[in-house]
Structures are given as C-alpha cells and as structure tokens.
Amino acid sequence: ARWIEAARAERCKRRTESLHCRDVVLSDGFVLYVDQRARFFVVNKPAGMYVEDVLDFIERYMEEVRRVPERDVERSKRAKTGSDGATSIREAFNSLAKVGERFQLLHRLDRDTTGCLGIACDKETNRILSRAFQEGRVKKHYVAHCINTKFAGGFTEKKWKGWEEYEPFEDGSGAMTWPQRFCNFRLECHTGHGRSKHGLWRLYAKEDVGRELPGGSKVKEARTNLYYGF
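Positions in the sequence shown are counted from 1; adding 139 to them yields the numbering used here.
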C-alpha cells in the first residue's frame with residue numbers, strides 16, 4: 140500500500156494539508172541518537188509531515204554536508220555519537236557523512252504523529268531492524284494529548300488508601316513511597332475511521348468524516364468512550 144500512501148501524500152501537499160520537507164526546523168534536538176558505527180540513527184519527526192518528506196530532507200541536507208565538510212576537525216571529534224544526542228545538528232550529520240548508501244526508513248509514523256523515527260544507513264541494518272518492528276519485538280509507546288471540554292466539571296479526586304510513606308510492598312525491598320492524587324474521569328474521543336483499497340484500517344480526524352478514500356469507501360464517524368482512574 141506504499142503507492143496509495145504516496146499518492147495521498149501528494150494530494151495533501153496540493154491542498155496544503157501537509158508540511159513540505161523544507162519546513163523541517165533544524166535544531167540540536169532534531170537528531171536524537173546516532174549509532175556508534177553509523178548503522179542507524181533516530182530523528183525527531185515533526186508533526187504534520189510524512190516520513191518520506193523527512194527522509195527527503197535528510198538526504199538533501201547530507202548532500203550539503205558532504206559537499207562542504209566540517210573545517211574544524213576538533214569540533215567534529217566532540218560529536219557525542221552513541222549517547223543521548225549530538226552537540227549540534229552539524230556534528231550529528233558529520234558522523235554520517237561517510238555513509239555511501241541511501242538512508243532507509245525502519246518504520247513509519249502517521250502524518251500527524253511526532254516522535255522517534257528510526258532510519259537505517261545500509262540495507263543489512265534495515266533488514267534486521269525493520270523485521271524487528273514488523274514482528275512486534277520493538278516496544279513502542281504512544282502518548283495522546285487530549286483536550287477535555289464536555290466533562291470538565293466531572294473530575295473527582297481519589298487518594299491511594301492504606302499506603303504510608305516509606306512503607307514497602309509485601310515481600311518487597313524498602314522504597315520511598317508517598318501518597319499521590321489521581322483523577323477519575325470519562326473521556327469521549329470523536330474521530331473518523333475507514334479502510335483503504337487494500338483493507339488497511341486507519342484512524343482519521345473528525346474533520347475527515349465523509350471524505351472519499353482510495354477504492355470508493357468514505358471515512359465514517361466513530362465515537363470511543365474511555366474511563367480512567369481507580
């Protein structure tokens with residue numbers, strides 16, 4: 140279904156619903172991790188952009204890095220590859236400048252999702268790590284930022300009962316614990332959903348309800364009720 144996704148991306152660009160690769164904001168937080176042997180790296184994908192555009196931006200930027208190599212050799216040696224991140228965007232890409240093959244996506248993130256996007260530097264690494272993603276051996280965490288408007292007045296606070304400070308669990312080792320307050324509330328998500336021509340199930344924004352999808356189907360309305368608290 141890659142060609143369907145690519146065609147949808149082009150339509151979104153024409154309707155200015157998707158950011159272009161030139162809209163990537165360069166900052167020291169863009170490159171999150173670089174493998175010590177330059178086999179793969181992780182970038183912070185911007186929201187509102189397709190992963191293909193992120194990869195296109197990186198390829199274009201790498202051409203500039205290779206064309207104008209870092210003059211300050213000592214600064215290049217200080218790049219913190221293999222740690223939490225590089226000291227600068229330039230140093231991070233300098234460590235990848237000798238990679239001869241084209242970069243390849245290890246996995247995909249939706250257009251509106253921002254977060255860690257893994258990119259392989261060679262075919263063998265891409266084969267190994269992409270299979271790990273496909274087989275579910277990579278643990279991924281998604282965080283949704285929600286705005287509550289309907290049930291704002293229905294929040295109730297609850298305490299953990301029977302827990303004292305510095306009291307360990309049964310058969311457990313000593314630990315520093317303290318009471319905390321949690322909210323107990325109901326959350327309703329109003330979204331759209333539909334299937335593409337090849338049967339891929341997708342979640343859409345509420346504003347997309349009624350829009351035609353590849354294959355002739357349309358985005359349908361969906362409401363999901365979630366209850367949180369204890």
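Virtual Cβ for every residue (Gly too), placed ideally from N, Cα, C.
Just so it is clear, the structure is predicted and the values come from calculations on it, not from any experiment.
Residue 333 to residue 346 span [Cα, whole Å]:
So the two alpha carbons sit approximately 13 Å from each other.
Output yes or no for whether 8 Å exceeds the beta carbon distance between residue 186 and residue 252.
yes
Simplified DSSP state of residue 362, which is helix, strand or coil:
Assigned with DSSP and collapsed to three states, residue 362 falls in strand.
Could you tell me the distance, in whole angstroms, from the CA atom of residue 364 to the CA atom of residue 342?
15 Å
Check whether residue 248 and residue 190 have beta carbons under 8 Å apart:
The answer is yes: Cβ separation under 8 Å.
Quick check: the region 175-183 against the region 255-269, are at least 3 beta-carbon pairs closer than 8 Å?
yes
How is the alpha helix (DSSP H) around residue 238 delimited, first residue to last?
Per DSSP, residue 238 belongs to no alpha helix (DSSP H) and is neither H nor E.
Rounded to whole angstroms, how far is the Cβ of residue 201 from the Cβ of residue 232, which I believe are closer than 8 Å?
6 Å
I need the DSSP call for residue 264, collapsed to helix, strand or coil.
helix
Return the CA-CA distance between residue 241 and residue 362, expressed in angstroms with no decimal places.
Cα atoms of residue 241 and residue 362: separation of roughly 42 Å, rounded to the nearest angstrom.
Ends of the beta strand (DSSP E) at residue 343?
Per DSSP, residue 343 belongs to the beta strand (DSSP E) from 340-343.
I'd like to confirm the pairing. Which residues does DSSP put opposite residue 173 in its beta bridges?
180
Residues that DSSP places opposite residue 330 in a beta bridge:
361
What's the call for residue 267, buried or exposed, on a 16-neighbour Cβ count within 10 Å?
exposed
What's the gap between the Cα of residue 199 and the Cα of residue 359?
39 Å
Exposure of residue 331, with buried meaning 16 or more beta-carbon neighbours within 10 Å
buried
Sorted by chain position, which residues of the same chain lie with C-beta nearer than 6 Å to residue 328's C-beta, five sequence neighbours on each side aside?
Leaving aside the five residues that flank residue 328 on each side, the residues in its chain whose CB is nearer than 6 Å to its CB run, in chain order, 363.
In angstroms, rounded to a whole number, what distance separates the CA positions of residue 255 and residue 269?
Taking the straight line from one Cα to the other gives about 14 Å.
Status (buried if at least 16 other CB within 10 Å, exposed otherwise) for residue 380:
An answer regarding residue 380 cannot be provided, because it is not within the stretch 140 to 369 covered by the chain.
Would you kindly check if the distance between the Cβ of residue 250 and the Cβ of residue 188 is under 8 Å?
yes
For residue 184, count the other beta carbons within 10 Å of its own beta carbon; 16 or more makes it buried, fewer makes it exposed. Which is it?
Flag for residue 184 reads buried.
Tell me, which residues are paired with residue 256 by DSSP?
According to DSSP, residue 256 bridges with 182.
Given residue 348, which residues of its chain have a CB within under 6 Å of its CB, disregarding the five upstream and five downstream residues?
331, 358, 360
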